[in-house]
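A short worksheet on the structure shown next.
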Amino acid sequence: MKDNKLTISFICLMFLCTAVGAQDIKTLIVPPKASFSGGIFASGQYYNVRGIDNRRSPYSYNLAGNLTFKLSVITVPLSFSFRDQQFSYGHSFNKFGMSPYYKWIKVHIGHRSMRFSNYTLGGKNFFGGGLELTPGKFRFAAFAGNMQNPLAQRDTLVYGAELIPTYKRSIIGGKIGVGSSRNYFDLIVLHIKDKQTDELDLDRRKVGINPSKNIVMGTEWKTLLFKKLNFNGTINASVFTDNLALESSLESVKSPFLNNLFELNASSKLSLAGEVELRYNFKYFGIGAKYRRVEPNYRSLGIPFLQADIENYTFRLNTALFKAKFNTNANVGIERNNLRNLDYLSRKRLIVNLNTSWMITKELLVSANFSNFKFETTDGLVEINDTLRYINVSRMYGLNFNYTKKSKNTQFGVFGGIQQQSLMDLSPVARIGGEVNNVNVNAGVRLFWKESDFTVSPSLIVSSYGYSDNKRNRAGVAVTLQKSLFDKILSFSSATRLSFDKLNGVKDGRVLNQRFGINCNVLKHSQVNFSSYFIAKKSFTGNSFNETRLSLGYGLKF
Numbered sequence: 027m028k029d030n031k032l033t034i035s036f037i038c039l040m041f042l043c044t045a046v047g048a049q050d051i052k053t054l055i056v057p058p059k060a061s062f063s064g065g066i067f068a069s070g071q072y073y074n075v076r077g078i079d080n081r082r083s084p085y086s087y088n089l090a091g092n093l094t095f096k097l098s099v100i101t102v103p104l105s106f107s108f109r110d111q112q113f114s115y116g117h118s119f120n121k122f123g124m125s126p127y128y129k130w131i132k133v134h135i136g137h138r139s140m141r142f143s144n145y146t147l148g149g150k151n152f153f154g155g156g157l158e159l160t161p162g163k164f165r166f167a168a169f170a171g172n173m174q175n176p177l178a179q180r181d182t183l184v185y186g187a188e189l190i191p192t193y194k195r196s197i198i199g200g201k202i203g204v205g206s207s208r209n210y211f212d213l214i215v216l217h218i219k220d221k222q223t224d225e226l227d228l229d230r231r232k233v234g235i236n237p238s239k240n241i242v243m244g245t246e247w248k249t250l251l252f253k254k255l256n257f258n259g260t261i262n263a264s265v266f267t268d269n270l271a272l273e274s275s276l277e278s279v280k281s282p283f284l285n286n287l288f289e290l291n292a293s294s295k296l297s298l299a300g301e302v303e304l305r306y307n308f309k310y311f312g313i314g315a316k317y318r319r320v321e322p323n324y325r326s327l328g329i330p331f332l333q334a335d336i337e338n339y340t341f342r343l344n345t346a347l348f349k350a351k352f353n354t355n356a357n358v359g360i361e362r363n364n365l366r367n368l369d370y371l372s373r374k375r376l377i378v379n380l381n382t383s384w385m386i387t388k389e390l391l392v393s394a395n396f397s398n399f400k401f402e403t404t405d406g407l408v409e410i411n412d413t414l415r416y417i418n419v420s421r422m423y424g425l426n427f428n429y430t431k432k433s434k435n436t437q438f439g440v441f442g443g444i445q446q447q448s449l450m451d452l453s454p455v456a457r458i459g460g461e462v463n464n465v466n467v468n469a470g471v472r473l474f475w476k477e478s479d480f481t482v483s484p485s486l487i488v489s490s491y492g493y494s495d496n497k498r499n500r501a502g503v504a505v506t507l508q509k510s511l512f513d514k515i516l517s518f519s520s521a522t523r524l525s526f527d528k529l530n531g532v533k534d535g536r537v538l539n540q541r542f543g544i545n546c547n548v549l550k551h552s553q554v555n556f557s558s559y560f561i562a563k564k565s566f567t568g569n570s571f572n573e574t575r576l577s578l579g580y581g582l583k584f
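FYI, the numbering for the sequence shown is 27 to 584, going by the numbering used here.
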């Protein structure tokens, strides 16, 4: 109740600041000009599956919109989403939020997201209120609210029906600094804490979920010198308590004030993280150097993911040669782990991140990439054995080409490529140990007839991935069709793929995927669409199932 009162009071303060800042004598004398723009989308879904447990509700709906109101110099962007696609949740999943702004005042209300830095806050939504002020060179931001604990959401993508209880997570943060978007210096602080409730704590601990607390303090700066030299950096400290339920405090910390502020116990850890970078841009190329260090156990609950226990030095080179037909972006350096000698094994390696593209002719484009390191604060989804897993890419390489020949009425294309990825499974439940090695190869042609507005694209697809002691191979064919009628008022699309599986060298059935869609532009600013997705999997070693998803929607822009 106390947290709710704090959030409501904070939102009321935001409204008050907006009302005071919005009073302008000119707008009181001259009638304000009002405008309204945006769009809304409504849809209903049907779901049916046989052979496995339901992965979502049989019937569901979705209503979403992005609207912008303008009244004189006041702008109010508004977004909302209402859904009853329950996955493993026992209630509807609804979002509503808006971020009105007037000159240098911006207010966040409802479900919103804000970014402070890559090591503190970014990429996560909260429900509450926030305020941003940028008068002149002054920079200020603050917010308070509740943040969704991601464990339940992640588990539902894999298991579907079971609700895993989580703690209510409160968050409050602030940022203050000076400068502009090109030159600034900011100070940042975050306070994130799980609220404990005795009646549910036992259930949570049975599934390995403990209440946590995280306080993060940091700084971020960006400077442009001599119009071409960039000096950027960030330094951050995180105090993370993994289990607030432990009652004992740290005897090594003699200050009662610090123990009470951080609620320190045997599960508390202090870690540092940051980076410093110099870049200089010439006319046709640029160079740079970067130092980055993330200590073991560094965590911020304000970002989705961050790899810890690494230190690297990298040098950067980017080029745009031959009238920008040949482009390269390369980072090369040295990386090591085990920064505090907590593990038995240490590793020091050469790291490379290379992306290049070459427009050989007007018709032929070739691109290649290689990377054995990547800095990301977001995780991603990948389908492994027909289930969704949260992953992080640790190594990848690829080669792709695209050839397109155009004539007056037709267009002919050939495409192909190979991609290899080594993935680390981040799913918190039933995690796949070790690396998951994934290889995808595809090749096909694309034919387009302008007069009939018809496209057909057959292709061959081969993929394999190995994890634990298993190796799965999949080979198949795919056909994509697209057709428009009545000057693009009505359009159809279809994608069909048939693949055959092998598990550890033994045949393991087949998988048929079929997607179909219809779009109809009823009026100038409205559209009706229908889509269907069908999958039929026959397996000799696992579950065979048929799954159908249908969706009918209506969108309006104004």
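Every residue, glycine too, gets a C-beta built ideally from N, C-alpha and C. Note that this is a predicted model, so its numbers are computed, not measured.
{"Asked": "ASN367 classed as buried or exposed, judged by whether at least 16 other C-beta atoms fall within 10 angstroms", "Found": "exposed"}
{"Asked": "Beta-carbon proximity list for SER383, same chain, < 6 Å, skipping 5 on both sides", "Found": "ASN353 and SER393"}
{"Asked": "Buried or exposed (CB count within 10 angstroms, at least 16 for buried), LYS16", "Found": "Absent from the structure is residue 16, since the part of the chain shown begins at 27 and ends at 584."}
{"Asked": "Own chain residues within Cβ distance below 6 Å of ASN364, not counting five before or after", "Found": "SER372"}
{"Asked": "Boundaries (first-last residue) of the beta strand (DSSP E) holding GLY312", "Found": "311-320"}
{"Asked": "Residues that VAL242 bridges to, as DSSP identifies them", "Found": "LEU216 and SER264"}
{"Asked": "C-beta atoms of PHE166 and GLY328 nearer than 9 Å", "Found": "no"}
{"Asked": "Residue environment, ASP369, which counts as buried when at least 16 other CB atoms sit within 10 Å", "Found": "exposed"}
{"Asked": "Distance, GLY502 Cα to LYS121 Cα", "Found": "40 Å"}
{"Asked": "Same chain only: Cβ atoms within 7 Å of LEU578, ignoring 5 sequence neighbours per side", "Found": "SER69, GLY70 and PHE556"}
{"Asked": "Cut-off 7 Å between Cβ atoms - residues of its own chain near THR430, not counting five sequence neighbours on either side", "Found": "GLU389, GLN437 and GLY439"}
{"Asked": "Reference SER107, options ASN240, GLY136 and SER206, closest by Cα", "Found": "GLY136"}
{"Asked": "Environment of SER525 [buried if 16+ CB atoms lie within 10 Å]", "Found": "buried"}
{"Asked": "Minimum length 3: unbroken beta strand (DSSP E) runs contained in the region 82-153", "Found": "85-97, 100-109, 119-124 and 131-138"}
{"Asked": "Which listed residue (SER326, ILE386, ARG138 and ASP110) has its alpha carbon closest to that of LEU104", "Found": "ARG138"}
{"Asked": "Bridge partner(s) assigned by DSSP for LYS163", "Found": "In DSSP, LYS163 forms no bridge with anything."}
{"Asked": "Buried versus exposed call for LYS132 [16 or more other C-beta atoms within 10 Å across all chains shown]", "Found": "buried"}
{"Asked": "Simplified DSSP assignment, three categories, for PHE571", "Found": "strand"}
{"Asked": "Close beta carbons around LYS316, own chain, < 6 Å, minus the five adjacent residues each side", "Found": "GLU303 and THR340"}
{"Asked": "Residue closest to ASN291, alpha-carbon to alpha-carbon, out of THR506, LEU272 and LEU507", "Found": "LEU272"}
{"Asked": "Residue closest to ASP534, alpha-carbon to alpha-carbon, out of LYS434, GLN508, SER98 and ASN496", "Found": "ASN496"}
{"Asked": "N- and C-terminal bounds of the beta strand (DSSP E) containing SER510", "Found": "496-511"}
{"Asked": "Touch test, the region 198-206 against the region 306-313, Cβ-Cβ under 8 Å, three pairs minimum", "Found": "no"}
{"Asked": "Alpha-carbon spacing of SER483 relative to PHE441, whole angstroms", "Found": "10 Å"}
{"Asked": "Environment of ASP79 [buried if 16+ CB atoms lie within 10 Å]", "Found": "exposed"}
{"Asked": "Counted within 10 angstroms of its Cβ, other Cβ atoms place GLU477 as buried (16 or more) or exposed", "Found": "exposed"}
{"Asked": "Assumed close pair GLY91, PHE67 - CB separation to whole angstroms, cut-off 8 Å", "Found": "7 Å"}
{"Asked": "Residue from VAL75, GLY123 and LYS129 whose Cα sits closest to the Cα of VAL99", "Found": "LYS129"}
{"Asked": "Buried or exposed by the 16-neighbour rule on C-beta atoms within 10 Å, applied to MET513", "Found": "The amino acid at residue 513 is misidentified as Met; the sequence shows Asp. With fewer than 16 other Cβ atoms within 10 Å, it is exposed."}
{"Asked": "Cβ-based burial, TYR85 [other Cβ within 10 Å; buried from 16]", "Found": "exposed"}
{"Asked": "Exposure label - LEU216; buried when at least 16 CB within 10 Å", "Found": "buried"}
{"Asked": "Burial state of ALA350, where buried means 16 or more other Cβ atoms lie within 10 Å", "Found": "exposed"}
{"Asked": "Which listed residue (PHE584, PHE566 and PHE560) has its alpha carbon closest to that of ARG76", "Found": "PHE560"}
{"Asked": "One or two residues paired with PHE62 in a DSSP bridge", "Found": "PHE95"}
{"Asked": "N- and C-terminal bounds of the beta strand (DSSP E) containing PRO484", "Found": "480-493"}
{"Asked": "Residues near THR21 in its chain [Cβ-Cβ closer than 6 Å; skip 5 each side]", "Found": "Only positions 27 to 584 of the chain appear in the structure, and residue 21 is not among them; the question remains open."}
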